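Just so you know, we're using the working numbering here: the sequence shown kicks off at -14 and counts up by one.
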Amino acid sequence: MTVTAGTVTPAPGTNAPGTNAPAPAPAPAPGTSAEDIEFHYDLGNDFYALWLDATRSYSAARWDGIDGDESQEAVLARAQRAKLTHHLDLVGATPGAGLRLLDVGCGWGGMLAEAVAAGRAREATGLTLSRAQLAHVESLALPGVTARLESWEAHTPARPYDAVVSVGAFEHFATASMSRDERLAAYRAYFGACHGWLRPGGLMSLQTIAFDGASGGAGPVGSFVASDVFPGAALPRLSEITAACDPYFSVTVLHGSPEDYARTLRAWSARLLRARAAAEQLVGAEAYRRYRLYLRACEVTFLRRAATLYRIGFRRRDEPLSLPA
-14 MTVTAGTVTP
-4 APGTNAPGTN
6 APAPAPAPAP
16 GTSAEDIEFH
26 YDLGNDFYAL
36 WLDATRSYSA
46 ARWDGIDGDE
56 SQEAVLARAQ
66 RAKLTHHLDL
76 VGATPGAGLR
86 LLDVGCGWGG
96 MLAEAVAAGR
106 AREATGLTLS
116 RAQLAHVESL
126 ALPGVTARLE
136 SWEAHTPARP
146 YDAVVSVGAF
156 EHFATASMSR
166 DERLAAYRAY
176 FGACHGWLRP
186 GGLMSLQTIA
196 FDGASGGAGP
206 VGSFVASDVF
216 PGAALPRLSE
226 ITAACDPYFS
236 VTVLHGSPED
246 YARTLRAWSA
256 RLLRARAAAE
266 QLVGAEAYRR
276 YRLYLRACEV
286 TFLRRAATLY
296 RIGFRRRDEP
306 LSLPA
């Protein structure tokens, strides 16, 4: 396993190696900063290990057909692995496929580990902005895996990927201070970059939280999350995702499942409650209280359908479409 750090942004107008696609315009403004990412994730790997499952998946599990007490390690881990394999299947990374894979926002490496374990990926690259997450991926020493401390805007692969996955990172590609037009430009830049990274016919999957029954993040829960838990993040709407991807990708699968996130949050909250003493020793009583409130408040948000969870599959268009403004 190789770990490299990189912050060099490709020059505007350059093409991704091995493609004929026009290079996408850079986003007009950056998304969540590295400092804000580290504010959340760098409380420490040991803290998150107390209440996440063995895969260290910090995104909604896939609970279809999985019964039992979701707060139990074995049950939660099964649901999280079901999520990981679902996304790998969406991009054609079936067992033995040996694809060249990119994971944008790789977290603690759960997707990377799943991809290489059964030969779904021969080479897998993960991008993260968290030094703590990068250190954990490095400790796994996964064969064929490269992890980079790097934003998607700065990523320039040596050659095209067969598939791109991204789970739980899209919420950080825009900020709450952006207008709708600015958010669309940022999202469109991401999809344009993915188009440039992928070989012809390449597949992509995305899992993201999105606003549904609420129009924005105003209100006590949104204000609390933005100020005390996840600064610098903003949720998209489905209409923004589809408008931004349309020049570059066709949508092959679209599935909404707020109940998957509600059940996952309930599992995390119960596990954190059981680990209260250890959590307070690691991060202090105030941080423990903040995270318990955050998990419970977010569970209610999904139960109320103010926000939802989307899992989306995409196929790369051979040439970007020229669409009317």
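We put the CB at the ideal spot given by N, CA and C, even for glycine.
This one's a predicted model, so the numbers in the text were calculated from it and none came from an experiment.
Shown here, residue 96 sits in a helix according to DSSP, grouped into three states.
Setting aside the 5 residues that flank it on each side, residue 82 is surrounded in the same chain by 105, each with a C-beta closer than 6 angstroms to its C-beta; the list follows chain order. Taking the C-beta atoms as reference points, residue 154 is found no nearer than 8 angstroms to residue 163. Counting C-beta pairs closer than 8 angstroms gives three or more between the region 233 to 241 and the region 295 to 308, which meets the contact rule. In the three-state reduction of the DSSP assignment, residue 130 falls in the strand class, which pools E and B. In this chain, residue 159 is not harboured by any beta strand (DSSP E), its DSSP state being neither H nor E. Following the DSSP letters along the chain, one finds residue 259 in no beta strand (DSSP E) but inside the alpha helix (DSSP H) bounded by residues 243 to 259.
Residue state for residue 72 is assigned as helix, using DSSP reduced to three classes. In this structure, DSSP gives residue 292 an extended state, which the three-state scheme calls strand.
Around the Cβ of residue 136, a 10 Å sphere holds 16 or more other Cβ atoms; the residue is buried. Under the 8 angstroms Cβ criterion, the region 111 to 119 does not count as touching the region 274 to 284, having fewer than three qualifying pairs. Taking a C-beta distance under 8 angstroms as the contact criterion, residue 45 and residue 61 do not qualify as a contact pair.
A residue is called buried once 16 or more other Cβ atoms fall within 10 Å of its Cβ, and residue 150 is buried on that count.
The beta carbons of residue 177 and residue 147 sit no closer together than 8 angstroms.
Residue 108 is bridged by DSSP to 85.
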